[in-house]
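Taking it in order: structure first as structure tokens, then the write-up.
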Amino acid sequence: MLFHTANGKAISSYSCYQEQAQPTDTVPPRQASKGWLKRMREYRNSMRNKQYRDSVIRKVTRQNVPEPELNDSIINKSEKYFTPFSGRVIRNIYYRKVNVFGPDNISDTTFTTSMKLVHFANRLHYNSEEWVIRQSLFFRRNDTINPFELSDNERYLRNRPFISDARLYIINAAASPDSVDLLVVTKDLFEYGLDLSEVTPTALRTSVTNNNLFGAGQGLRIGAAWHNTYNPPWGTEIRYTKYNALGTFIDFSAGYTALNNYNPLDSGVYEGAYYISLNRPLYRNAANWVGGIDLSRHYSINNFGRTDTFYRDYRYQVIDVWGGYNFLKQDDRNGSRRPNLAFLVRHNNLFFTEPPKQEMFKLNPVYNDRRFYLAEAIVFKQDFFKTHQFFGFGRTEDIPLGYSASISAGWQSWNHRRRAYTGLEAQKFWTTRLQGIINANVGVSTFWLDNVAEDPVIHAKVEYYSRLFKIRKDVFRQFTSIDYLGNVNPYLYRPLDANNENGVWGYRGTLMNGYQRLNVRSETVYYSPLKILGFKFNFFTSVQASQLTSKSNNIFKNPIYTGIGFGFRVKNENLAINTIKVSGNYYPNPPAPVKPFFLEITTIIDFRFDIYALRAPAFLNFR
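Okay, so the sequence shown: first residue is 904 according to our numbering, each after it adds one.
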């Protein structure tokens, strides 16, 4: 059977898998259980047929509506592709999977390779099951096309931890004037990952991950650390995650760690933890409910072998619950796109079951129970456009446009003090005449006790991202930011420092601090065509400057600490591994104990814009 496209082309019904009528529950029907060994043998035996099937799909499946080019010289909003078909009925839904080690462009249906290593790597990977993708769709057969809903869905798929890229295509548009078919195309990340965050003669920290275990949208992380001066020298962690559990759009995770990496106290003491977490983000602008629960138990670890006199032996628990309702939604159906209005609440309770026994810590705020209640009203409007070569190495990236403004109020009980809290925050993304992007943030907040402001925080930040520009055949982008953070009447908050990401990258262990900080950063990135075994290289140069009120309350009367850096970042975006960063830095006037030159090879977490407009209410950050 053939379907005809608007261009007169035909595609075979064998070119895709058509979604048949499904029950309203998105959970697939339960099937007879099979042993994992038997399933793996069946999977191995089916690979050859699957490769043939996928090759047929690539050859005959075509989207008949051309997608706008991913070029930010002309910013096209994500919903523009679907707008001409608004209101049409969805007849059928088809699915196509692109091999992990396949074309860089998910739309490329002509890619072939004879490299045996590529074929072997693809065989090692379990592709996401079709029911996993189907659970993640916001629409079903016989629904009508809503451009904003489809663009939200495409973005949600693309930002799943186990998916590299995703597209929704309109096909067979000419077969009927009032209905269309949809093609869902996905490309997984390679499920296995390895991270070596520390490798020295005296220490090792590593983890092994599988972010899509058996193709079922679930992740497993096992980590370990060794240090020859610790007692015990080894520590471990394990975490299990289920994404979009039972089609509810709730991400569930549970785990254990003895590596001091799950929300430890800012105390300098090594910690372990057990935890359970559930989180339901605003996965689409028209969603109603958001929220989350985080339950954890923490304990100190005497890794340094200190005596009872000096070792801070403690236990504490954390209960963190938040939720919200999206009352007014962007009117997606008549195109007015009015702002959303949402209300959020949060309760956080940290309490010690065993505080440190030393008398000196009884009045220390760090080791005292604390809890807070917060309520927030937020107005926001979000648009997105797709581009590439922004923070990544060529993958599709979703860049936000729009604004948000929020007001929050609540109270905090900490260190035998009960304080009221109020805060205002606003953020706006907009484009310049040269197609650059400006992101401006401003926030003010304070605690109140007996009508006196305590720990008032002022935060202002402006970021500029240039459009992608060319010099001959080479492409570049410029990043610039100015960030001010201040507290004019500190009480419980600790002073700020300028170490690493807080000020100048490469500063470590400096003792300078203050309650105001001004950071200025600029970076030029060259997106190199260099590619080795799928690993791409981005080269950069950077200039950083930071001021702290360490010597004068007038921030401009304090020394300016600067750093000049250059280097490159390496990443294979088919793999679930962190980016490798190699850099050299020069500091003209470093504070002790920083040396003038600093060479570094490290791994860094990829930065992405936050696509979720609603988060748990929180105090304006001061650190």
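From the three backbone atoms N, C-alpha and C, an ideal C-beta is built for every residue, glycine too. Note that the structure is predicted; figures quoted are calculated from it, not measured.
DSSP beta-bridge partners of residue i
{"i": "PRO1303", "result": "PHE1287"}
{"i": "THR1482", "result": "ILE1507"}
{"i": "GLN1315", "result": "PHE1275 and ARG1322"}
{"i": "ASN1229", "result": "ALA1245"}
{"i": "LYS1145", "result": "GLN1121 and PHE1155"}
{"i": "THR1349", "result": "THR1325"}
{"i": "ILE1341", "result": "TRP1333 and TYR1367"}
{"i": "VAL1497", "result": "According to DSSP, VAL1497 bridges with nothing at all."}
{"i": "LYS1439", "result": "LYS1434 and LYS1474"}
{"i": "ARG1108", "result": "GLU1101 and ALA1128"}
{"i": "ASP1223", "result": "ASP1197 and ASN1251"}
{"i": "LYS980", "result": "PHE1288"}
{"i": "THR1016", "result": "Answer by DSSP bridge pairing: none, since THR1016 is not bridged."}
{"i": "ALA1280", "result": "PHE1246 and ILE1310"}
{"i": "LYS1265", "result": "Per DSSP, none; premise fails for LYS1265."}
{"i": "THR1047", "result": "VAL992"}
{"i": "GLY1487", "result": "PHE1469 and LEU1502"}
{"i": "LYS1000", "result": "THR1089"}
{"i": "ALA896", "result": "Residue coverage of the chain in this structure runs from 904 to 1526, which leaves residue 896 outside it and unanswerable."}
{"i": "ARG1218", "result": "TYR1202 and GLU1257"}
Where the alpha helix (DSSP H) through residue i begins and ends
{"i": "ASN1056", "result": "1050-1061"}
{"i": "GLU1033", "result": "1033-1038"}
Span of the beta strand (DSSP E) around residue i
{"i": "GLN1330", "result": "1320-1334"}
{"i": "ARG1026", "result": "Taken as a continuous stretch (DSSP letters only), ARG1026 belongs to no beta strand (DSSP E), being part of the alpha helix (DSSP H) at 1019-1027."}
{"i": "ILE1514", "result": "It is not in any beta strand (DSSP E) - ILE1514 carries neither H nor E in the DSSP assignment."}
{"i": "SER1199", "result": "1192-1203"}
{"i": "LEU1149", "result": "Taken as a continuous stretch (DSSP letters only), LEU1149 belongs to no beta strand (DSSP E), as it is neither H nor E."}
{"i": "TYR1186", "result": "Element bounds for TYR1186: n/a, residue is neither H nor E."}
{"i": "GLU1101", "result": "1095-1103"}
{"i": "ARG1298", "result": "Counting along the chain, ARG1298 falls outside any beta strand (DSSP E), and DSSP gives it neither H nor E."}
{"i": "ASP1068", "result": "1066-1074"}
{"i": "SER989", "result": "First-last for SER989: undefined, no H or E at that position."}
{"i": "VAL1087", "result": "1082-1091"}
Contact belief for residue i with residue j at Cβ below 8 Å, rounded distance in angstroms
{"i": "TYR1146", "j": "GLN1121", "result": "7 Å"}
{"i": "ASN1390", "j": "ASP1400", "result": "Not a contact, Cβ separation roughly 13 Å."}
{"i": "TYR1429", "j": "PHE1525", "result": "About 35 Å; that fails the 8 Å criterion."}
{"i": "ASN1056", "j": "ASP1091", "result": "No, ASN1056 and ASP1091 are not in contact; Cβ-Cβ is about 17 Å, not under 8 Å."}
{"i": "ARG1298", "j": "LEU1337", "result": "Contact flag wrong, Cβ pair sits at about 24 Å."}
{"i": "VAL1423", "j": "ILE1385", "result": "5 Å"}
{"i": "SER1316", "j": "GLY1326", "result": "In fact, because the Cβ distance is near 17 Å, the residues do not count as touching under 8 Å."}
{"i": "ILE1204", "j": "GLY1175", "result": "6 Å"}
{"i": "ASN1030", "j": "LYS1000", "result": "5 Å"}
{"i": "PHE1264", "j": "ARG1215", "result": "7 Å"}
{"i": "ASP1154", "j": "ASN1182", "result": "5 Å"}
{"i": "LYS1474", "j": "PHE1438", "result": "7 Å"}
{"i": "PRO1184", "j": "TYR1387", "result": "About 29 Å; that fails the 8 Å criterion."}
{"i": "PHE1246", "j": "TYR1270", "result": "Wrong, their Cβ atoms sit about 34 Å apart, outside the cutoff."}
{"i": "PHE1382", "j": "GLU1426", "result": "5 Å"}
{"i": "SER1199", "j": "TYR1178", "result": "4 Å"}
{"i": "PHE1152", "j": "ILE1073", "result": "Actually they do not touch by this definition, with Cβ atoms about 24 Å apart."}
{"i": "LEU1253", "j": "VAL1221", "result": "5 Å"}
Residue i: CB within 8 Å of a non-hydrogen atom of the ligand PLP
{"i": "TYR1133", "result": "Absence of the ligand PLP from the depicted structure is noted, as is the absence of any ligand whatsoever, leaving it without description."}
Requested in this report: For the stretch 1159-1184, list the alpha helix (DSSP H) runs that are entirely contained and at least 4 residues long, ordered along the chain.
Outcome: For the stretch 1159-1184, not a single whole alpha helix (DSSP H) run of length 4 or above is found.
**Report entry** Stretch pair the stretch 1371-1378 + the stretch 1399-1419: three plus CB contacts closer than 8 Å
**Finding:** Touching, no.
Report task. Note down, one range per segment and in chain order, each alpha helix (DSSP H) of at least 4 residues found wholly within the stretch 1110-1141. Result -> none
Query raised in the report: Taking the runs of the beta strand (DSSP E) that are 3 residues or longer, which of them lie wholly in the stretch 1442-1475?
Result: Taking only runs of at least 3 residues, the beta strand (DSSP E) segments lying wholly in the stretch 1442-1475 are 1464-1474.
Query - Unbroken stretches of the beta strand (DSSP E), 3 residues or longer, contained in the stretch 1362-1428 - result: 1372-1374 and 1377-1390
Query raised in the report: How do the stretch 1256-1263 and the stretch 1301-1318 stand: do at least 3 beta-carbon pairs fall below 8 Å, yes or no?
Result: Look at the beta carbons and you see the stretch 1256-1263 not touching the stretch 1301-1318: under three pairs across the two are nearer than 8 Å.
Query raised in the report: Okay, do the stretch 1318-1331 and the stretch 1341-1350 touch, 3+ Cβ pairs below 8 Å being the bar?
Result: yes
Query raised in the report: Is the stretch 1055-1065 in contact with the stretch 1083-1100, if contact means three or more CB pairs nearer than 8 Å?
Result: The stretch 1055-1065 vs the stretch 1083-1100: in contact.
Query raised in the report: For the stretch 1100-1115 against the stretch 1006-1017, are there 3 or more C-beta pairs whose distance is under 8 Å?
Result: no
Query raised in the report: At a cut of 8 Å, does the stretch 991-1009 reach the stretch 1043-1051 through at least three beta carbon pairs?
Result: yes
**Report entry** Inter-stretch contact (C-beta, 8 Å, three-pair minimum) for the stretch 1188-1205 and the stretch 1222-1232
**Finding:** Between the stretch 1188-1205 and the stretch 1222-1232 there are three or more inter-stretch CB-CB distances shorter than 8 Å, so the stretches are counted as touching.
**Report entry** Three-pair Cβ contact test at 8 Å for the stretch 1455-1468 versus the stretch 1071-1086
**Finding:** Counting Cβ pairs under 8 Å, fewer than three are found: no touch.
Query raised in the report: Taking three-plus beta-carbon pairs below 8 Å as touching, is the stretch 1449-1461 in contact with the stretch 1474-1488?
Result: no
Query raised in the report: Does the stretch 1484-1497 come close enough to the stretch 1275-1286 that 3 or more CB-CB pairs lie under 8 Å?
Result: no
Query raised in the report: Counting pairs of beta carbons, one from the stretch 1157-1172 and one from the stretch 1135-1146, are three or more of them closer than 8 Å?
Result: yes
Query raised in the report: Is the stretch 1280-1298 touching the stretch 1505-1514 in the sense that three or more CB pairs, one from each, lie closer than 8 Å?
Result: yes
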